[in-house]
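In the working numbering, the protein residues as written are 180 to 609.
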Amino acid sequence: MKKYKKSRFMLECEDRLINYKNGDIIYFNNDNDYKSCINSLIDDGSPAFKKLLDKEFLIPDYLDEPALMQYYANKELYGNEMLELTIIPTNACNFHCIYCYELQRTDYMSDKTFDNVFKFLEKNIKKYDILNIDWFGGEPLLAKDKIISFMGKVKELCRTNKTILISNMTTNGYLLDVQTINALVNNMILYYQVTIDGLASTHDVQRCLHSGDGTFDIIIKNLKDIRDGVDSKRLRILIRTNVTQEMIPEFHKYLEFIKEEFGNDPRFLFHITEVKDWGGERVEKIKDSFIDIDENASLTKKLQEMDLVTPSVYHNFSKGSICSAARMNGFIIDYDGSLKKCTIAMESDDPYLKEINCVGLIDDRGNMHLNEALQSIWVQHYDLTHSECADCLLYPRCYGTGCVFKRLQDRMQNKESECKWKKEFNLKSI
């Protein structure tokens with residue numbers, strides 16, 4: 180008789196089972212068959228037992244899950260399946276957000292540097308099955324014409340080489356009108372993150388223009404126009420809300436507004452997070468307004484109770500929650516063609532962190548010059564023998580990478596590093 184055991188990455192709740200290895204959830208309702216199978220570990224030939232096996236809640240007794248996780252981690256972090264590039268076409272921004280860690284600059288990527296990056300892709304595209312390009316800034320849409328032109332060439336390059344192209348953009352949404360997003364979507368930028376910090380009364384305080392003028396009305400108009408005037412079913416827009424104490428009194432009213440305007444369009448998703456201290460001078464002035472993780476979990480629960488679609492916190496951990504800084508083939512291409520690993524380290528006051536963050540460059544011939552010694556500082560992870568990871572259900576979320584910047588920062592300060600996910604992922608919200 181075959182022997183089975185419970186996956187060490189399964190969480191048993193009163194009404195469901197959650198598998199953190201693959202993101203699957205099984206709800207009990209009034210069906211006790213699953214509980215019986217989990218408790219007995221005996222294959223009784225039932226559909227329930229088969230499902231538990233298929234979804235890897237139960238696994239063969241011989242399976243070494245720590246070894247399997249190490250195997251997956253090696254594939255994810257050191258494999259050549261995907262090239263992940265965060266491109267910064269400009270570090271300029273039209274906003275002056277009160278919690279932003281970035282310094283105010285006005286640099287733009289030149290046509291020559293765009294050409295150099297494309298030459299690099301031409302030379303190397305055949306190595307990879309997937310090309311993932313994330314547009315970041317500053318505000319990337321300040322350089323939207325160059326982005327559209329570049330992505331048009333990349334789209335054709337990937338089509339010719341049968342490479343899967345995935346592209347995302349983090350934008351404040353102020354310049355994201357229908358004409359712009361249609362051009363971007365036509366060139367395969369399909370996923371967007373736009374931040375709305377509550378109703379106008381709070382959003383316009385937290386996310387204003389340099390002049391101090393509000394931005395809420397224009398962003399909402401853009402999103403409504405996209406909702407009504409863009410046909411693409413592949414498009415996804417994540418509305419992110421960075422919560423401070425000032426937003427709490429009208430938060431339910433804000434959720435009602437969001438639900439009424441965008442809740443019936445499946446292309447819109449919603450995410451709530453607390454404002455965090457990522458460094459910089461501005462955030463120092465608002466630390467008294469921070470909410471804690473438990474408050475954030477409570478607000479997220481309200482969002483879910485209103486049937487607003489949130490990105491699954493369980494699904495696809497291995498792909499979606501590993502910072503590109505920890506990947507061998509994950510790079511930030513700055514406006515000047517230099518290669519970085521971490522956007523936060525780019526703005527650090529510490530000269531050492533800024534120095535080790537610059538791991539190479541792309542030259543005028545499209546060749547990548549990489550400092551392997553510096554690269555190796557970032558591309559690291561803990562295995563399940565490490566004390567921080569040994570009993571962690573969330574290990575498949577990051578394979579022990581956590582926040583590499585925070586780990587390096589703590590090491591410099593002789594502090595014991597605290598796991599990013601254990602701190603930020605609140606199991607009480609499940």
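Even glycine gets a Cβ: it sits at the ideal position worked out from N, Cα and C.
Every value quoted in this text rests on a predicted model; they were computed, and no experiment measured them.
Secondary structure note for HIS548: its beta strand (DSSP E) is the uninterrupted segment 547–549. Judged by DSSP in its simplified three-state form, SER380 adopts helix.
If you check the CB distance, GLY408 and VAL373 do not come in under 7 Å. One Cα belongs to ILE512, the other to ARG338, and the distance between them is close to 23 Å.
Annotation: the continuous beta strand (DSSP E) that includes GLY539 extends over 537–541. Pairing GLU460 with HIS389, the inter-Cα distance amounts to about 16 Å. The straight-line gap separating the alpha-carbon atoms of ILE267 and SER215 is approximately 53 Å.
Around the CB of LEU242, fewer than 16 other CB atoms lie within 10 Å, so the residue is classed as exposed. The DSSP assignment places 509–512 and 517–519 as complete runs of the beta strand (DSSP E) inside the stretch 474–528, in order along the chain (cut-off: 3 residues). Here the alpha carbon of GLY258 sits roughly 16 Å from the alpha carbon of ILE343. Sequence-distant Cβ neighbours of CYS568 in its own chain, meaning closer than 6 Å and more than five residues away, are TYR561, TYR574 and GLY579.
Taking a contact as a CB-CB distance under 8 Å, the pair LYS181 and ILE217 does not count as one, their CB atoms being some 16 Å apart. Setting aside the 5 residues that flank it on each side, LEU369 is surrounded in the same chain by SER346, ARG413, LEU414 and ARG415, each with a C-beta closer than 7 Å to its C-beta; the list follows chain order. For ASN303, the uninterrupted alpha helix (DSSP H) segment begins and ends at 290–303. In this chain, the alpha helix (DSSP H) harbouring PHE329 covers 323–340.
Here the C-alpha atom of PRO319 lies approximately 15 Å from the C-alpha atom of ASP515. Considering only ASN365, LEU256, GLU193 and LYS302, the residue with the shortest C-alpha distance to ILE541 is LYS302.
The DSSP-derived three-state label of TRP314 is strand. In the structure shown, PHE447 falls within a strand segment according to DSSP collapsed to helix, strand and coil.
Counting of Cβ neighbours within 10 angstroms places HIS382 among the buried residues, the total reaching 16 or more. A straight line joining the alpha-carbon of LEU264 with that of TRP314 spans about 9 Å.
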